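Peer 1:
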Amino acid sequence: DAGVTQSPTHLIKTRGQHVTLRCSPISGHKSVSWYQQVLGQGPQFIFQYYEKEERGRGNFPDRFSARQFPNYSSELNVNALLLGDSALYLCASSLAAGTREQYFGPGTRLTVT
Amino acid sequence: QQQVKQSPQSLIVQKGGIPIINCAYENTAFDYFPWYQQFPGKGPALLIAIRPDVSEKKEGRFTISFNKSAKQFSLHIMDSQPGDSATYFCAAGGYGGSQGNLIFGKGTKLSVKP
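Sequence lines, in order, name chains A and B. For the first sequence, position 84 (counting from the first letter as 1) is numbered 84 according to the numbering used here, and the numbering increases by one without interruption. For the second sequence, position 90 (counting from the first letter as 1) is numbered 1090 according to the numbering used here, and the numbering increases by one without interruption.
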C-alpha cells in the first residue's frame, strides 16, 4: 500500500518567489496536516485540513496557505519566500480530524536563496 | 514557549544497551503522546504512542513509560541495534480542539555502536 506521497522532493527558490507543495494522503485517510521542520528541530504544526475545511492553524504568517481537494490531496502555498522558510515541509495524514495517529510523508526539502 | 521538553539532545550506547529518552510536558489537556523515529532524509515514522490512562505500553523492543502526576514520559529501546541509530522525537497532542496539532520535542540523536 502506498504511504503518504509528497512532491516535489527537493525545490530551490529565490527570495520573494512563491512555492506550491503537494501531498497525497494514505488511501482512505481524509485528514491532512502540514508541518515545517527546520534543520535540527522537531516538526512545527502549520495547518490541518479535513473534508476540505481548515481545522487548525499554527503560528505561521499569512504568507502560508493551504487547501484540500475532493480527493483529499492537499497543497501548501507559501508566498513572498524568505530565507528563513528554508526547511523540510512534511505532510501527515490521518483517518479523520479526530484521529490521533498521524503518518508522515518523506517531505519536500525547500531551499530559499 | 516550548511545551514539550526532550532530553538528552544526543545519546550514544553500545549494541544491546537500553537507551532511555525523556520528555516532559506542561499542558494537562494533552491526551496523546506519540514517539517518532526519523532517519536522515526521511519523514518521521510513528513508533509507538500512549494515552494518559495507561502507565506503560510495549511494542516489540520499544516501551513507553508514562507518569501523569509528574507530566513526564519516556521511551526505552530494549536490546538496541545499530539500525536503531536515528533521531527520536516525542510529541504531545489533543489539546485546544485542534487534534491535528502535535507539539514535538527538539529530538534526540541516538547512535548505537556495534
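The C-beta atom is built at its ideal place from N, Cα and C for all residues, glycine as well. Because the structure is a prediction, the values reported are computed rather than measured.
Is Arg22 of chain A close to chain B? Criterion is C-beta to C-beta, closer than 8 Å.
Peer 2: So, not an interface residue.
Peer 1: Output needed for Val1013 of chain B: all residues of its chain with C-beta closer than 8 Å, excluding positions within five of it in sequence on either side, in chain order.
Peer 2: Closer than 8 Å at Cβ, skipping near neighbours: Pro1019, Ser1080, Leu1110, Ser1111, Val1112 and Lys1113.
Peer 1: Leaving out five residues on either side along the sequence, give the residues of the same chain with a beta carbon under 6 Å from the beta carbon of Pro43 of chain A.
Peer 2: Answer for Pro43 of chain A: Tyr35, Gln37 and Leu90, listed in chain order.
Peer 1: Start and end of the beta strand (DSSP E) containing Gln1081 of chain B?
Peer 2: It is not in any beta strand (DSSP E) - Gln1081 of chain B carries neither H nor E in the DSSP assignment.
Peer 1: Between Pro1034 of chain B and Ser1055 of chain B, what straight-line distance do the alpha-carbon atoms span, to the nearest angstrom?
Peer 2: Rounded to the nearest angstrom, the two C-alpha atoms are 14 Å apart.
Peer 1: Might you give, ordered along the chain, the residues of its own chain that have their beta carbon closer than 8 Å to the beta carbon of Gly16 of chain A, omitting 5 neighbours on each side?
Peer 2: Cβ within range, chain order: Ala80 and Leu81.
Peer 1: Only counting runs of 4 or more residues, tell me where the alpha helix (DSSP H) segments fall wholly within the region 1018-1080 of chain B, in order along the chain.
Peer 2: Taking only runs of at least 4 residues, no alpha helix (DSSP H) segment lies wholly in the region 1018-1080 of chain B.
Peer 1: Below 8 Å, how does it come out for the region 102-109 of chain A and the region 1039-1050 of chain B: are there three or more Cβ pairs, yes or no?
Peer 2: Short answer: they touch.
Peer 1: Can you give me the Cβ contacts of Phe1039 of chain B inside the same chain, cut-off strictly under 7 Å, excluding the 5 residues immediately before and after it?
Peer 2: Closer than 7 Å at Cβ, skipping near neighbours: Ala1086.
Peer 1: Looking at chain A, is there any beta carbon in it that lies within less than 8 Å of the beta carbon of Ala1049 of chain B?
Peer 2: Judged by the 8 Å Cβ criterion, Ala1049 of chain B is in contact with chain A.
Peer 1: Between the alpha carbons of Ser1007 of chain B and His1076 of chain B, how many angstroms are there, rounded?
Peer 2: So the two alpha carbons sit approximately 13 Å from each other.
Peer 1: Buried or exposed for Gln1009 of chain B, please, with buried defined as at least 16 other CB atoms from any protein chain shown within 10 angstroms of its CB.
Peer 2: With fewer than 16 other Cβ atoms within 10 Å, it is exposed.
Peer 1: Just by C-beta distance, which residues in the region 1019-1047 of chain B are closer than 9 Å to chain A?
Peer 2: Cβ contacts with chain A: Asp1031, Tyr1032, Pro1034, Tyr1036, Gln1038, Gly1041, Lys1042, Gly1043, Pro1044, Ala1045 and Leu1046.
Peer 1: Taking the alpha carbon of Tyr1088 of chain B as the reference point, which residue from B:Gln1037, B:Leu1011 and B:Arg1061 has its own alpha carbon closest?
Peer 2: Of the candidates B:Gln1037, B:Leu1011 and B:Arg1061, the one whose C-alpha sits nearest the C-alpha of Tyr1088 of chain B is B:Gln1037.
Peer 1: If we cut at 8 Å on Cβ distances, does Gly1060 of chain B have a partner in chain A?
Peer 2: Not an interface residue.
Peer 1: What's the C-alpha gap between Ala87 of chain A and Phe69 of chain A?
Peer 2: For Ala87 of chain A and Phe69 of chain A, the distance between alpha carbons rounds to 24 Å.
Peer 1: At a Cβ cut of 9 Å, what residues of the region 41-55 of chain A count as close to chain B, listed as they run along the chain?
Peer 2: Taking 9 Å as the Cβ-Cβ cut-off against chain B, the residues of the region 41-55 of chain A that qualify are Gln41, Gly42, Pro43, Gln44, Phe45, Phe47, Gln48, Tyr49, Tyr50 and Arg55.
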